[in-house]
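**Q**
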Amino acid sequence: MFEKKGDQYTITDKDWKNVRDQLVSMRINGGFPYIVVENGDYHHNGELLLKHRYEGIELDLRDLEGVLNYLFQLWGRPVHLETVIEDHPTLFSSEGKEMKRKRLDS
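In the numbering used here, the protein residues as written are 2 to 107.
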């Protein structure tokens, strides 16, 4: 298996079955993440809450920031996305300028 650390990939397991399974799982949904609208009136304020259906592959945080800022422009209100980062539920929020990150562990 392999994992991305920064801009490079590191081999973590050389068993071909594990590598095959990881490659196949990365191609589920054409390699695109499943993101669904969870709430269109989040905080009862017209804010948009999206949820990433985490399947073992984290979202690219650089792409996420650009996408959330663009969605803010389209939605016209703050936009939030819940996902898993480093095995912890995390909420990302954008009000158009910068992305904020909040860990949701209880």
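Beta carbons are placed, not taken as given, at the ideal position from N, Cα and C, and that holds for glycine.
When you compare the CB positions of L1 and S94, do they come within less than 9 Å of one another, or not?
**A** No answer is possible for residue 1: the residues shown for the chain start at 2 and end at 107.
**Q** Would you tell me roughly how many angstroms separate the C-alpha atoms of E99 and G47, rounded to the nearest one?
**A** Cα-Cα distance, rounded: 19 Å.
**Q** What separation, rounded to the nearest whole angstrom, lies between the Cα atoms of E87 and T13?
**A** Spanning the two alpha carbons is a distance of roughly 16 Å.
**Q** Measure the alpha-carbon distance for N19 versus L50 and round it to whole angstroms.
**A** Whole-angstrom Cα-Cα distance: 34 Å.
**Q** Starting from the Cα of Y55, find the closest Cα among D42, K101, V37, D16 and give me that residue.
**A** Answer by Cα proximity: V37.
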